[in-house]
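Asker: Could you have a look at this structure, given as structure tokens, before my questions?
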Amino acid sequence: MIKNLFFAAGEGKHRVQLQATVTGEGIIISLFGGEKPHVGAVVLSIPRPSLADPGRLSCTSTVVPRLGHKDDEIAKPLAEELAKASGQPVVVVAGLHVERAQAEDINLLVENSRQAMQQLLNNLKFCLKINTNFR
């Protein structure tokens, strides 16, 4: 079964939209926003037992940033948290851009991305047995 979910956070040039496709064996996230949504990075996170504590889940991630982009700095932590929370492989495709972004713009995009992810986790707790406290 495939389930598509949509979430958004923020307003104006800081609005972030998250689309999740939940399959039986993985979750695909599209995270776009700002003034110029685009493909800026792709991250694949695969859950595995922690090397330090096999009783806990960790993950291995492959990060592919587009040259000159920093979207992986948002995509990687989101992918890893979702992979650990769900116990499933996660792919995140992210592209957020605000022209001449200042620190405040970047902080708002990061925070809105986290809020959209928290909305997803809150929704998924009804479908999957996951930890819904995203950091």
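Residue numbering for the sequence shown follows this note's numbering, beginning at 7 and increasing consecutively. Virtual Cβ for every residue (Gly too), placed ideally from N, Cα, C.
Going by the CB atoms, is the gap between serine 36 and lysine 82 shorter than 9 Å?
Answerer: no
Asker: Which runs of the alpha helix (DSSP H) fall wholly inside the segment 16 to 58 and span at least 4 residues, in chain order?
Answerer: none
Asker: Under the assumption that valine 45 contacts valine 99 (Cβ atoms under 8 Å), give the Cβ distance between them as a whole number of angstroms.
Answerer: Correct: roughly 6 Å between the Cβ atoms.
Asker: With distances taken from CA atoms, which of Lys76, Ala58, Gly74 and Lys90 is nearest cysteine 67?
Answerer: The question names cysteine, yet the displayed sequence has serine at residue 67. With distances taken between Cα atoms, serine 67 lies closest to Lys90.
Asker: Buried or exposed: aspartate 59, going by 16 or more other Cβ atoms within 10 Å of its Cβ?
Answerer: exposed
Asker: Among residues of its own chain, excluding the 5 on either side of lysine 19, which ones have a beta-carbon nearer than 8 Å to its beta-carbon?
Answerer: Gly40, Glu41, Val104 and Asp111
Asker: Tell me which residue opens and which closes the alpha helix (DSSP H) that leucine 102 is part of.
Answerer: Careful: leucine 102 lies outside any alpha helix (DSSP H), inside the beta strand (DSSP E) at 96 to 103.
Asker: Ends of the alpha helix (DSSP H) at proline 71?
Answerer: Note, proline 71: premise wrong, no alpha helix (DSSP H); beta strand (DSSP E) at 63 to 71.
Asker: Would the beta-carbon of leucine 84 fall within 9 Å of that of valine 48?
Answerer: 9 Å or more divides the Cβ of leucine 84 from the Cβ of valine 48.
Asker: Measuring straight from C-alpha to C-alpha, what distance separates arginine 106 and methionine 7?
Answerer: Each residue's alpha carbon lies about 42 Å from the other.
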